[in-house]
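A.B. asks:
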Amino acid sequence: MDNNTLLSVKDLRVWFELKRWGFLSAGFVRAVDGVNFELSKGQAITIVGESGSGKTSLLRTILGLTEPTGGEIVFAGRQIDWRKSSEVTWLRWQIGFVQQDPYGALPPFMNVERILREPLIINKVKPEEQRQRIREALEEVRLIPVDDFLTKFPHMLSGGQQQRLVVARALILRPMLIVADEPVSMLDASVRVEILELMRKIQRDYHLGVIYITHDLSSVRYFSERVFIMYAAKLVEKADVDDIVQNPLHPYAQALLNAIPDPEPENVAKFRDVPPGEPPNLIHPPPGCRFHPRCPHMMEGLCDEQEPPAFEPNPGHLVECWLYDPQGSHERSTTVFQTMADAKLARQEEQSAKDASQYDKP
Amino acid sequence: MKQKSEPATHGRPSPARTAGPILRVEDLSLYFRASVGIVRAVERVSFELERGRSLTIVGESGCGKTSLARAILRLLPRNIDTYRGRVFLNGTDVMKLSDERFRQDIRWKQMSLVSQAAMNSLNPVVKVGQQVAEPLLLDHHMSKEKAFTRAREVFQTVGIPSDFLNRYAFELSGGMRQRTILAMALVTSPSLVILDEPTSALDVLTQANIMNTLKGIKQELGLSFVLITHDIATSSELADEVLCMYAGQLVEHSKAERFYREPLHPYARKLMASVPTLRVDKKPEFITGQPPSLLNPPTGCRFAARCDKRFDRCQEEPPLFQHGDETVKCWLYENA
């Protein structure tokens, strides 16, 4: 790990225990299961995944709100010791959080000034400095003229302005890292880009690390450098944005990209290629690769038995899929995207039989 | 996943093949009374929809999309100030019917609604099959057996295995619940279905799946859809025509080929430019400013304050201009 690394997550596991009758263990929900990544200073990354894939648990752990079951988090060269509350608090101070729903994240009974002052009071910033910092933060998110906004309450602001206020609040303690959980999903298309551009600008100006969490791949490419695709508690593919968009390697990433429409009139006549089934249950995830029950390239005896490690077929492009095993005898990656539809057709009948038997279970 | 369900026309009354559009709306207005004044949610909207085609209504939140759907279906809250205009469904003026007649003959028989986030409002203590069959039992006085056969049929159409009839809502995933809601809208074989943000709460893959199902239903049953959404990219999946709304008014009604390529109204252009695209490399833009309040909307063109093409004429309210096949509410097309 070099000096430039801001956050390093190593083999992180977050399991939630299920209780029966209040004290007996009934297994674990493996919300995050062996996640590794590094984030350098001034870098923006995006974690893309479906709901229930463990994105939020991962984010809560990075924020210091959930204690991990295993693995470690190293932030700015300091390994977090979860038993020491002072260290966890220190971690929380270094990270700004932008919530998904600005309407829900802002207290309705506080005005803008009070909302921004709150974290400063808690962190014992001197009163003279408080006023200064509040003005700076509001100017930074372009809620100007500042004096007009200071006395306003959240309901007097539009959705976009509310989200800017949330960003200002995340910035006010001058964090090193901003974590944003679907920061624009509640906003209109016309405002989304504005907020994302604002966050991009702040990230560059302050040389901040940013972690976005989203399920909207189409906006990702303009606002971050690297993308991690999360499926069933694992990061199945890690790559630079352009690599993901132009050459997704993992079959799940391919399906995800395939399912996203661009606004084209031709879409009306096209049916999209969507893998059958649903994401697995995280209490009993399937053995081997977790995508194998839905995967068009499933290799009997390999994918359903052994968990794939991360392979690196191209520099900087990591993928957890046996298709990219350099020692493997199977066909190599380049043809995968073109043949996906064909491979799927061949497997469709088999799959539908499987689905039918799956539905029989109560 | 392509829908391979059987053509579910058996047991289904053949839709009345009258000539003319399935839905014609003329000067429909809906104003609400609020403590601060009158909110003009929908103002003089007119459009026509041909049989078997689908129309998507796009616009920012608060532009009156949902209110328009509710006005067409006459599902109104109590604080109505003004509700006027004409709605022709299959050639009959349904605005002239009494509330009771409308409820008996029109709502859910000829048009139905899939409302926003409806998948979370399924009854948790009643089996979904029962919930889907309920309108047939109560309204159509069908025997239980027949009603459940029909429900099973509809479940197949929307892509749910038919043994799911005996499950409760909590046993289904989000996508399955949304399909159940869709089945509820289709079970009475309406000729028009209004979908209000049917996929906005779902994941990308599930969303693509439901859209595939809707396309299949449209092709097989020849239904007409009105899809309301703020997600422009998804809207293109089911659009033959696009109706764009801004601040309670219709600003453009175009064919999909026109709207997604080169819309006419300056607002529609900016809206399209703000959509990020995955495959085409362009930088999305945003629209400065905010839409006007519907309490005291500005006189003249409502988009003028945010428009970079405004000129003197924009102080007057533009009428709807015909431009080829398209309708557009903008002075730029006065002489075109």
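So the sequence lines, in the order shown, correspond to chains A and B. The first sequence runs 2 to 363 under this note's numbering. The second sequence runs 167 to 502 under this note's numbering. Ideal Cβ positions, reconstructed from N, Cα and C, are used throughout, including at glycine. On a predicted model such as this, the values are computed, not experimentally measured, just so you know.
#1: Give me the chain A residues within the contact set of Y426(B), using Cβ-Cβ distance strictly less than 7 Å, ordered along the chain.
#2: Between which residues of its own chain and L197(A) is the CB-CB distance below 8 Å, once the five residues before and five after are set aside?
#3: Quick check: is the beta carbon of I223(B) nearer than 8 Å to any beta carbon in chain A?
#4: Can T365(B) and T400(B) be called in contact, C-beta distance under 8 Å?
#5: Starting from I398(B), find everything on chain A with Cβ-Cβ shorter than 9 Å and list it in chain order.
#6: Identify each residue in the region 269-286 of chain A for which the Cβ-Cβ distance to at least one residue of chain B is less than 9 Å, and report them in chain order.
#7: Using a threshold of 8 Å, state whether the C-beta atoms of H216(A) and I230(A) are closer than that.
#8: Would A344(A) count as contacting chain B if we go by Cβ distances under 8 Å?
#9: For G218(B), which of D369(B), A207(B), G388(B), V191(B) has the nearest alpha-carbon?
#10: Taking a Cβ distance cut-off of 7 Å, strictly less, list which residues of the region 27-57 of chain A are near chain B, in chain order.
#11: Step through the CB atoms of chain B and report whether any lies within less than 8 Å of the CB of L117(A).
#12: Could you work out which residue in G302(A), D305(A), H298(A), E306(A) is closest to Y325(A) when comparing CA atoms only?
#13: Would you be able to state if there are at least three C-beta pairs under 8 Å between the region 122-135 of chain A and the region 79-92 of chain A?
#14: For the beta strand (DSSP E) that R250(B) lies in, which residues bound it at each end?
#15: Please name the residues in the region 224-237 of chain B whose beta-carbon is closer than 7 Å to at least one beta-carbon of chain A, in chain order.
#16: With DSSP as the reference, identify every bridge partner of T258(B), one or two as the case may be.
#17: Between which two residues does the alpha helix (DSSP H) carrying L387(B) extend?
#18: Can you pull the chain A residues whose beta carbon is under 7 Å from the beta carbon of V494(B), in chain order?
#19: Helix, strand or coil for L8(A)? Go by DSSP, reduced to three states.
#20: Keeping to the same chain, check which residues put their C-beta closer than 6 Å to that of G466(B); ignore five residues upstream and five downstream.
#21: Verify whether the separation of the beta carbon atoms of E403(B) and A422(B) is less than 8 Å.
#22: I214(A) and R170(A) look like a contact to me (Cβ under 8 Å); what is the Cβ gap, rounded to whole Å?
#23: Decide if the region 283-299 of chain B is in contact with the region 333-340 of chain B; the criterion is three or more beta carbon pairs, one per stretch, under 8 Å apart.
#24: Can you tell me whether K202(A) is buried or exposed, with buried defined as 16 or more other CB within 10 angstroms of its CB?
#25: At which residue ranges does the region 436-484 of chain B contain complete beta strand (DSSP E) runs of 3 or more residues, listed in the order of the chain?
#26: Does DSSP put V26(A) in a helix, a strand or coil?
#27: If I follow the unbroken alpha helix (DSSP H) through S219(A), where does it start and stop?
#28: According to the neighbour-count rule (16 or more other Cβ atoms, all chains shown, within 10 Å of its Cβ), is T47(A) buried or exposed?
#29: Would T443(B) pass as an interface residue toward chain A - the criterion being a Cβ-Cβ separation below 8 Å?
#30: What does the alpha-carbon distance come out to for the pair L486(B) and Q101(A)?
#31: Could I get the ranges of all uninterrupted alpha helix (DSSP H) runs contained in the region 299-339 of chain B, with 4 residues as the minimum, in chain order?
#32: Closest to L371(B) by C-alpha separation, out of G341(B), P356(B), I347(B), D397(B), would be which residue?
#33: Could you please give me the residues that DSSP links to F40(A) through a beta bridge?
#34: Just to confirm, are L319(A) and A311(A) a CB contact at a threshold of 8 Å?
#35: Which one or two residues does DSSP pair with V353(B) in a beta bridge?
#36: Starting from L117(A), trace the alpha helix (DSSP H) in both directions and tell me its first and last residue.
C.D. replies: Concretely, from the data shown:
#1: P264, E265, P266
#2: P184, V185, S220, Y223, F224
#3: no
#4: yes
#5: A190, P264
#6: V269, A270, K271, F272, R273, D274, V275, P276, P277, E279, P280
#7: no
#8: Unreliable positioning characterises A344(A) in this predicted model, as indicated by a pLDDT of 49, which lies under 50. A coordinate reading is not provided.
#9: G388(B)
#10: E51, S52
#11: no
#12: H298(A)
#13: no
#14: 246-255
#15: E226, S227
#16: L255(B)
#17: 370-387
#18: Those do not exist, as V494(B) stays about 18 Å from chain A at its closest Cβ, beyond 7 Å.
#19: strand
#20: C480, Q481, E482, E483
#21: no
#22: Actually they do not touch by this definition, with Cβ atoms about 18 Å apart.
#23: yes
#24: exposed
#25: none
#26: In the sequence under discussion, the amino acid at residue 26(A) is Ser, which differs from the Val named in the question. Looking at S26(A) - three-state DSSP - the assignment turns out to be strand.
#27: 218-224
#28: buried
#29: yes
#30: 39 Å
#31: 310-323
#32: G341(B)
#33: In the sequence on display, residue 40(A) carries Leu and not Phe. L40(A) is bridged to L8(A).
#34: yes
#35: Answer is none; V353(B) lacks a bridge partner.
#36: 113-123
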